[in-house]
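Chains as they are written, first to last, in the numbering used here: chain U, 1 to 551; chain X, 1 to 551. In what follows, a single structure is set out as structure tokens and then discussed.
Protein chains: 2
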Amino acid sequence: MGKTVIRHLLDSLKEIGVTDIFGVPGDYAFPVNDAICNDRELRWIGCCNELNAAYAADGYARIKGVAALCTTYGVGELSALNGVAGAYAEHLPVIHIVGMPKDVIQRRRGLMHHTLGNGEFDLFYKMTAPVVCARTILTPENALAETDRVIKAALTRKQPVYIGVPGDFALMELGCASLTPVPGPSSDPGTLAAVADLLAARMCKAKSPVILVGSLIGRYELRDAVRALIEKTGVPFTSMFMGKGTLSESHPNFIGVYNGRIQACDVREYVEGSDLVLSLGTVMSDINTGAFTANIDRSRDVRIQPDRVEIGPAVYPGVYIEDVLAALAAKAAKGKARVPFKPAGLGKPKGKTADPITTGYLYPRLEKFFRPGDIIMAETGTASMGLVTAKLPEDAVFFNQTLWGAIGWATPAAFGAAMARPDARTVLVTGEGSHQLTVQEIGQFGRFGLRPVVICLNNNGYLIERMLCEDPSIYYNDLAQWNYSELPSAFGMKDWECARVATNGELDKALTRAGKAKAGVYIEIVTDTMAASDMALALNRIVFKGGGWKA
Amino acid sequence: MGKTVIRHLLDSLKEIGVTDIFGVPGDYAFPVNDAICNDRELRWIGCCNELNAAYAADGYARIKGVAALCTTYGVGELSALNGVAGAYAEHLPVIHIVGMPKDVIQRRRGLMHHTLGNGEFDLFYKMTAPVVCARTILTPENALAETDRVIKAALTRKQPVYIGVPGDFALMELGCASLTPVPGPSSDPGTLAAVADLLAARMCKAKSPVILVGSLIGRYELRDAVRALIEKTGVPFTSMFMGKGTLSESHPNFIGVYNGRIQACDVREYVEGSDLVLSLGTVMSDINTGAFTANIDRSRDVRIQPDRVEIGPAVYPGVYIEDVLAALAAKAAKGKARVPFKPAGLGKPKGKTADPITTGYLYPRLEKFFRPGDIIMAETGTASMGLVTAKLPEDAVFFNQTLWGAIGWATPAAFGAAMARPDARTVLVTGEGSHQLTVQEIGQFGRFGLRPVVICLNNNGYLIERMLCEDPSIYYNDLAQWNYSELPSAFGMKDWECARVATNGELDKALTRAGKAKAGVYIEIVTDTMAASDMALALNRIVFKGGGWKA
Chain U
1 MGKTVIRHLL DSLKEIGVTD IFGVPGDYAF PVNDAICNDR ELRWIGCCNE
51 LNAAYAADGY ARIKGVAALC TTYGVGELSA LNGVAGAYAE HLPVIHIVGM
101 PKDVIQRRRG LMHHTLGNGE FDLFYKMTAP VVCARTILTP ENALAETDRV
151 IKAALTRKQP VYIGVPGDFA LMELGCASLT PVPGPSSDPG TLAAVADLLA
201 ARMCKAKSPV ILVGSLIGRY ELRDAVRALI EKTGVPFTSM FMGKGTLSES
251 HPNFIGVYNG RIQACDVREY VEGSDLVLSL GTVMSDINTG AFTANIDRSR
301 DVRIQPDRVE IGPAVYPGVY IEDVLAALAA KAAKGKARVP FKPAGLGKPK
351 GKTADPITTG YLYPRLEKFF RPGDIIMAET GTASMGLVTA KLPEDAVFFN
401 QTLWGAIGWA TPAAFGAAMA RPDARTVLVT GEGSHQLTVQ EIGQFGRFGL
451 RPVVICLNNN GYLIERMLCE DPSIYYNDLA QWNYSELPSA FGMKDWECAR
501 VATNGELDKA LTRAGKAKAG VYIEIVTDTM AASDMALALN RIVFKGGGWK
551 A
Chain X
1 MGKTVIRHLL DSLKEIGVTD IFGVPGDYAF PVNDAICNDR ELRWIGCCNE
51 LNAAYAADGY ARIKGVAALC TTYGVGELSA LNGVAGAYAE HLPVIHIVGM
101 PKDVIQRRRG LMHHTLGNGE FDLFYKMTAP VVCARTILTP ENALAETDRV
151 IKAALTRKQP VYIGVPGDFA LMELGCASLT PVPGPSSDPG TLAAVADLLA
201 ARMCKAKSPV ILVGSLIGRY ELRDAVRALI EKTGVPFTSM FMGKGTLSES
251 HPNFIGVYNG RIQACDVREY VEGSDLVLSL GTVMSDINTG AFTANIDRSR
301 DVRIQPDRVE IGPAVYPGVY IEDVLAALAA KAAKGKARVP FKPAGLGKPK
351 GKTADPITTG YLYPRLEKFF RPGDIIMAET GTASMGLVTA KLPEDAVFFN
401 QTLWGAIGWA TPAAFGAAMA RPDARTVLVT GEGSHQLTVQ EIGQFGRFGL
451 RPVVICLNNN GYLIERMLCE DPSIYYNDLA QWNYSELPSA FGMKDWECAR
501 VATNGELDKA LTRAGKAKAG VYIEIVTDTM AASDMALALN RIVFKGGGWK
551 A
């Protein structure tokens with residue numbers, strides 16, 4: 001027998017380095033699930049639910065560069081949809097395989113489970129269109145070409161794709177149409193040369209240039225290229241919140257995170273006073289720009305984006321970021337390292353041992369807890385905002401979900417990241433409100449022998465919402481009161497070190513123990529209801545005193 | 001100041017009896033969240049996540065006839081989408097209110113959080129189209145007409161609707177366009193009279209008529225009308241799995257559940273041998289018909305559906321089920337109660353006290369545990385299948401999600417049902433695999449002072465999948481091993497009676513105690529990995545020996 005559709009799909013995934021597939025099995029997806037589990041080079045990673053699986057794939061892709069997700073038709077794929085949309089917004093190539101009813105069933109328009117009961121089988125495929133960069137439903141005839149096209153789209157655009165696999169087609173042999181290879185995008189040589197000249201000239205002329213590193217540098221796996229450019233030219237660099245930790249924050253040229261007008265005054269002054277801001281793969285979204293308080297003069301802001309370069313008012317399309325960086329690195333003049341100042345970090349924890357935990361103690365203490373090589377997964381909300389200006393140790397990476405901002409993302413994403421790099425220490429920092437959305441994925445750490453540090457900030461509700469709504473005490477920001485530190489045991493991890501801490505001294509002790517722990521760690525940190533981080537406080541001031549955010 | 005858009009929307013909801021709104025708050029939805037919480041006639045019911053909130057609303061609507069759900073833009077609504085789709089498939093009018101970014105922000109195409117970063121703000125509204133029966137985005141100008149139109153659509157079609165509310169519009173006064181009332185659908189008088197005559201004549205002539213009660217009778221709140229028809233004519237009735245417990249199973253005319261060829265031989269013989277099967281609001285889907293083994297001769301099958309009547313090959317559109325039932329009840333001849341036999345139920349539990357729990361003990365014992373008036377929420381899978389032919393006590397109601405079949409539904413849906421009728425006892429029966437998807441909603445029972453009985457069947461994996469896939473032991477059907485009976489404490493309920501039972505005697509004791517419990521109850525029932533219920537075993541035989549299901 002020749003190669004089947006599913007065999008070809010899985011082989012294609014293996015060719016691009018996929019070894020793990022996150023998901024929840026389901027009957028329509030059995031031919032896919034079976035093929036994955038029966039393939040010794042692939043590992044099925046069953047998650048508690050599909051949304052969690054999508055988030056786990058997102059976290060995994062942040063580390064590995066690509067991830068695969070497999071769900072069943074209808075009920076499965078729709079549950080995953082918010083996670084897929086997040087991967088779209090945040091530029092993560094998650095290859096979503098959906099096991100569909102057999103084509104023969106679809107043609108009969110049968111009244112089958114997991115359908116709307118109306119005989120329409122392509123509705124969910126259509127619904128997914130806005131949140132994927134390419135999609136297909138495989139058949140024996142199209143599988144060779146379509147598998148190739150769609151996987152390449154994911155890798156090129158760094159966004160999710162949807163691959164529907166009808167159960168009967170999965171097990172059929174590929175049709176014999178031969179494949180015409182589709183070339184990847186390539187930069188226009190003329191534009192590329194022109195742009196590289198312009199950029200090199202601007203860099204050469206600039207008196208106080210600065211490089212602003214955005215999140216897409218990580219997504220396009222261009223860390224080394226950017227580091228090489230920085231080291232050749234000596235230009236100092238800053239990063240954005242979305243993209244923090246993309247390059248090691250212990251690099252001598254790093255000056256701290258630029259967050260508009262709301263934090264880190266020295267960084268803001270330097271960036272906004274610079275005569276050339278070279279922005280690399282930045283996303284100028286609301287939260288990422290300190291609620292649009294970032295104020296870089298357009299004439300001094302040069303932006304290299306994945307598929308274009310923007311110099312002042314001029315846009316140069318058709319040149320790709322990896323080519324632009326390479327051409328620029330070749331042409332840019334060498335220079336000595338210019339380091340105007342070092343990032344301040346959060347300083348010493350402030351507060352007495354017996355006192356209740358305040359943010360002045362909490363975040364500086366967390367900063368000290370991080371160690372080289374950590375993977376830090378920071379949930380949307382006041383928790384991650386407290387870490388914006390924390391200085392990360394060497395090669396520690398930091399991820400949050402600034403643009404899409406779906407609370408609940410961080411817990412499964414931390415699981416995914418830990419699976420992607422099990423030898424590193426994964427530290428999850430989440431508020432308890434966000435944690436409640438996806439908490440059951442905690443059990444997966446134990447199941448797969450991972451030993452993360454989970455930091456759950458319990459401030460008695462959705463604190464970031466209390467900061468941004470009219471009446472902080474309004475009851476929609478309240479939550480069911482859980483006993484968080486009992487969760488690891490209930491979810492099957494008997495050997496984890498669990499603690500609930502409410503004073504600075506208890507927190508210090510718990511983190512000291514966590515630093516030496518041989519098992520997973522879960523620390524519930526209880527603070528006052530309104531113990532918000534500086535960035536959250538700044539956003540509160542902008543909303544209520546600054547006349548709101550401009551779009 | 002005149003009435004605002006949100007005020008009008010909430011008042012319209014109150015007019016149709018909505019008192020509770022399930023959801024998760026979010027900043028774009030604050031104007032909606034605020035208005036709900038500040039309205040003393042409305043109660044905000046915050047859920048752990050949006051999918052759970054949608055399922056809770058689904059469960060609530062099954063009891064109350066309508067439910068409301070409120071989520072934030074993008075991240076919130078997409079997470080809820082699978083739950084909304086389920087309500088569409090299963091005919092539950094869930095009114096989904098989505099708090100959207102201000103219109104002024106949408107017009108500026110701002111790079112805002114919870115967007116895809118592409119300036120498109122109406123994508124999620126478009127994505128939702130296939131899974132709602134009507135949708136709108138409110139403006140001050142259209143709010144009067146659109147609120148009315150969309151709410152009426154939900155109530156008429158018994159399916160979800162989507163109401164987007166941009167934050168700035170929410171707080172603006174209604175425009176002054178006056179409302180032209182839209183009349184609800186009404187039956188064509190000529191068709192109605194003709195159909196009623198035909199049906200009454202068929203019933204009169206039939207020697208062994210039987211009424212088949214489907215799930216839509218509950219959805220259209222026609223229980224009393226159907227009961228009246230049965231009691232006037234004396235015709236015996238059966239029900240389908242999807243619709244079990246719609247009429248009290250202790251009614252003297254009830255003969256048991258009809259489940260095609262796979263169970264309850266006496267019911268099948270009677271139904272398939274009957275010369276008139278009057279099907280009321282039935283959904284002839286795969287699982288609901290015993291994998292399409294239901295075999296009712298079309299010439300003897302008369303179907304009254306929500307918007308049409310089908311008599312043999314003839315379809316009579318334009319007549320509505322409530323009118324048809326009323327006209328038929330008026331014309332049908334009186335008759336004595338005909339009761340060919342009583343439903344057998346599950347009989348005595350079989351097994352020794354010290355033995356491991358088998359299905360022969362488990363399901364009969366659960367049947368005995370149910371008591372009059374119970375709300376039984378049965379999860380998709382082998383767990384609910386074990387209860388198909390259980391005889392329910394007087395006025396006990398039973399819900400599962402047979403068509404959509406999204407595992408995870410039952411846990412939050414049980415919470416929603418319990419909120420809808422807190423004076424009744426809610427019994428959740430779920431497999432542990434399904435439970436893992438949405439488990440955190442357990443904490444809500446304690447938060448709202450509810451005292452359900454949670455039965456969690458731990459058979460070491462997705463058992464229904466083991467029954468239906470090629471290799472039962474394949475590892476995608478395995479799960480993280482939790483300590484289920486510790487969950488209530490971790491989720492905040494210290495006073496619940498929790499047990500883990502593995503023998504018949506332990507199960508018996510735990511259920512006896514549960515029957516007298518003053519607090520919530522959580523029982524983990526451990527069985528063998530392959531301890532499948534009879535219906536699950538029958539489906540297994542059909543798939544592997546019967547040549548598969550026909551669509």
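C-beta: ideal position from N, C-alpha, C; glycine also.
9 Å Cβ cutoff, residue i in contact with chain X
i	result
U/E552	Residue coverage of chain U in this structure runs from 1 to 551, which leaves residue 552 of chain U outside it and unanswerable.
U/I407	yes
U/F369	no
U/C37	yes
U/C48	yes
U/G347	no
U/L78	yes
U/V439	yes
U/W496	no
U/R157	no
U/C469	yes
Outcome for residue i when other beta-carbon atoms lying within 10 angstroms are tallied against a minimum of 16
i	result
X/S473	exposed
U/G47	The sequence given here has Cys at residue 47 of chain U, not Gly. So U/C47 ends up on the buried side.
U/F445	buried
U/D508	buried
U/C265	exposed
X/V161	buried
Below-9 Å beta-carbon distance, residue i vs any chain U residue
i	result
X/G129	The amino acid at residue 129 of chain X is misidentified as Gly; the sequence shows Ala. Interface residue, yes.
X/S285	yes
X/I474	yes
X/Y484	yes
X/Q263	no
X/K462	It is worth fixing the name first, because residue 462 of chain X is Tyr in this sequence and not Lys. X/Y462 counts as touching chain U.
X/H96	no
X/F399	no
X/D224	no
Start-to-end residues for the alpha helix (DSSP H) that takes in residue i
i	result
U/Q436	E432 to T438
U/N38	No alpha helix (DSSP H) contains U/N38, which DSSP labels as neither H nor E.
X/Y55	E50 to K64
X/D27	Looking at the DSSP string, X/D27 is not in any alpha helix (DSSP H), and its letter there is neither H nor E.
X/N458	Where X/N458 is concerned, there is no enclosing alpha helix (DSSP H), although the beta strand (DSSP E) it sits in stretches over V453 to N458.
X/L198	P189 to K205
U/S279	Counting along the chain, U/S279 falls outside any alpha helix (DSSP H), though it belongs to the beta strand (DSSP E) covering L276 to L280.
Boundaries (first-last residue) of the beta strand (DSSP E) holding residue i
i	result
U/E497	E497 to V501
X/A72	Position check: residue 72 of chain X holds Thr in this sequence, whereas Ala was assumed. First-last of the beta strand (DSSP E) with X/T72: A67 to T72.
Cβ neighbours of residue i in the same chain (closer than 6 Å, five flanking residues each side left out)
i	result
U/R425	D374
U/A514	V453 and V521
X/E524	C456, N458, Y484, S485 and R500
Contact set for residue i: own chain, Cβ-Cβ below 7 Å, skip 5 residues either direction
i	result
U/G318	S187, D188 and T191
U/D168	K102, D103 and V104
Taking only runs that begin and end inside the segment 286-364 of chain U, name each unbroken beta strand (DSSP E) of 3 or more residues, in chain order.
The segment 286-364 of chain U contains these whole beta strand (DSSP E) runs: 301-305, 308-311 and 314-317.
Which runs of the alpha helix (DSSP H), 4 residues or longer, sit entirely within the segment 475-520 of chain U?
Counting only runs of 4 or more residues that sit fully inside the segment 475-520 of chain U, the alpha helix (DSSP H) segments are 487-490 and 504-516, in chain order.
Can you check the segment 87-119 of chain U for any beta strand (DSSP E) of at least 3 residues that lies completely inside it and give the ranges in chain order?
Taken in chain order, the complete beta strand (DSSP E) segments of 3 or more residues contained in the segment 87-119 of chain U are 94-100.
Which runs of the beta strand (DSSP E) fall wholly inside the segment 131-190 of chain X and span at least 3 residues, in chain order?
Taking only runs of at least 3 residues, the beta strand (DSSP E) segments lying wholly in the segment 131-190 of chain X are 134-137 and 161-166.
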